[in-house]
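In our numbering, the protein residues as written are 22 to 459.
Every residue, glycine too, gets a C-beta built ideally from N, C-alpha and C.
Model, not experiment: these values are computed from the prediction.
Below is one structure, written out as structure tokens; the observations come after it.
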């Protein structure tokens, strides 16, 4: 991507994405450096490929057109990189797939600089996120707090990893005071595929939204979904909220008096478009909270399902955004605490340094080939393990005999391991208490 009539930038960046959320992040991040880099986006063929509709929504506002985005299988991607390597590759991929792809690119002659990162909330920082990305040269993070936690994990794991700070690229570039939209008649609920997780909790959540819809008859309570039935997502959604509304189970009808209010609706499309008409954004946990804050839309984070790592909402502790279902029905929205903002995603673009870090790495590559990174973690199993990792992430797009053989070996072994762990947990819980030193 480069401006019409302008000389193409000397440096080239290839964004490799898999799911809709990573495509959104990768394209938006590349769009932020369009003046200095000639960028291209490709999709890596995997089971979570976005549909044409999802891709259109993911690329909205990034400067990239869906028609320009090609889908490549891994071998085709590697052949292209070997024949004509760009200066840098942004691996906008799920963590386990970063490990697979980075491991293959790292051994190419004159390999490009490898960059990775995350499309949303990553607090609390998980050590496995470092392990999955230990072969890349630069990890892009989006808050001061993320920098601290990921750096601590890298030190604990003995991984010498370089980090760069970047404002989340799809946050609006305009100040909230400049945001002008149509009549704000939507109460927008941002769906998160993983939370709340269970069927009963999801039904309970829909009951809360139904009560809010009845309490606000002049608004649409919009269940904003990322995927329609049959479309893939970065994270699997076991009990699809949109489907539960379309075909309400008896448990939901019992909560709502036998019927659903007509102003409780399901919609998809780019989040930015919905925020233009949102009176408030409600969620249990979602990066959409940050998008809403950026444009001055008030927020309510539902605390009814708990606050903790499983709910992916500990990052919002101290934000002042939590409230419960009663406050949702009453329309009592929240504005964020300024102190929380500075440490969490709103540090100010003047403090971003990821482009400088990337420039230094590219300059090092121009002086001579970059070193081949060495994998330090999860080495048991050797080539068979690597074949399994590739097959697990690429699914039917991996047609190697080694991948098929690895699955035949690994699946029974993983089943036995999980059974042993469950048995050990049961024995531990049932063992009588013995005082220390007895």
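For residue i, three-class secondary structure by DSSP
i: residue 234; result: helix
i: residue 54; result: coil
i: residue 344; result: strand
i: residue 102; result: helix
i: residue 143; result: coil
i: residue 65; result: strand
i: residue 114; result: coil
i: residue 218; result: coil
i: residue 349; result: helix
i: residue 93; result: strand
i: residue 247; result: coil
i: residue 364; result: helix
i: residue 337; result: helix
i: residue 269; result: coil
i: residue 127; result: coil
i: residue 419; result: coil
i: residue 401; result: coil
i: residue 86; result: coil
i: residue 293; result: helix
i: residue 133; result: coil
Proximity test, Cβ basis, 8 Å: residue i and chain D
i: residue 142; result: Absence of chain D from the displayed structure is noted, only one protein chain being present.
Counterpart residues of residue i in DSSP-defined beta bridges
i: residue 304; result: 322
i: residue 161; result: 138, 185
i: residue 59; result: 33
i: residue 285; result: 242
i: residue 207; result: 241, 299
i: residue 166; result: None; residue 166 has no bridge partner.
i: residue 277; result: Paired residue(s): none; residue 277 is not in a bridge.
i: residue 38; result: 64, 113
i: residue 355; result: 320
Reference residue i, options the options, closest by Cα
i: residue 427; options: 412, 216, 416; result: 412
i: residue 35; options: 51, 320, 280; result: 51
i: residue 89; options: 61, 214, 98; result: 61
i: residue 319; options: 209, 135, 109, 402; result: 209
i: residue 212; options: 236, 261, 388, 220; result: 261
i: residue 293; options: 107, 314, 64; result: 314
i: residue 324; options: 306, 280, 186; result: 306
i: residue 269; options: 237, 309, 311, 225; result: 225
i: residue 109; options: 425, 362, 380, 374; result: 380
i: residue 223; options: 188, 238, 259, 236; result: 259
i: residue 104; options: 124, 405, 129, 121; result: 129
i: residue 168; options: 387, 398, 403, 372; result: 372
i: residue 79; options: 398, 409, 46; result: 46
i: residue 122; options: 383, 430, 396, 429; result: 396
i: residue 136; options: 37, 70, 87; result: 37
i: residue 354; options: 72, 317, 133; result: 317
i: residue 283; options: 296, 297, 299, 266; result: 266
i: residue 159; options: 383, 430, 425, 309; result: 383
i: residue 44; options: 95, 76, 322; result: 76
i: residue 188; options: 157, 95, 140; result: 140
i: residue 238; options: 206, 32, 215, 227; result: 206
i: residue 363; options: 69, 311, 172, 303; result: 311
i: residue 480; options: 414, 378, 409, 416; result: The structure shown has nothing for residue 480, since the chain only spans 22 to 459.
i: residue 92; options: 102, 100, 66; result: 66
i: residue 186; options: 107, 398, 378; result: 378
Burial state of residue i, where buried means 16 or more other Cβ atoms lie within 10 Å
i: residue 131; result: exposed
i: residue 400; result: exposed
i: residue 170; result: buried
i: residue 240; result: buried
i: residue 357; result: buried
i: residue 204; result: exposed
i: residue 217; result: buried
i: residue 41; result: buried
i: residue 278; result: exposed
i: residue 138; result: buried
i: residue 407; result: buried
i: residue 263; result: buried
i: residue 39; result: buried
i: residue 422; result: exposed
i: residue 221; result: exposed
i: residue 387; result: exposed
i: residue 49; result: buried
i: residue 71; result: buried
i: residue 374; result: exposed
Could you tell me whether the stretch 273-280 touches the stretch 378-393, where touching means 3 or more Cβ pairs closer than 8 Å? no
Should the stretch 331-340 be regarded as contacting the stretch 132-147, the criterion being three or more beta carbon pairs within less than 8 Å? yes
Are three or more beta carbon pairs between the stretch 318-332 and the stretch 157-168 nearer than 8 Å? no
Is there contact here, the stretch 284-296 with the stretch 239-246, by at least three beta-carbon pairs under 8 Å? yes
Okay, do the stretch 150-157 and the stretch 167-180 touch, 3+ Cβ pairs below 8 Å being the bar? yes
Measuring CB atoms only, is the stretch 181-193 touching the stretch 365-372, in the sense that at least three cross pairs come out at less than 8 Å? yes
Quick check: the stretch 223-241 against the stretch 341-356, are at least 3 beta-carbon pairs closer than 8 Å? yes
Do the stretch 100-115 and the stretch 74-92 meet, that is, are 3 or more Cβ pairs less than 8 Å apart? no
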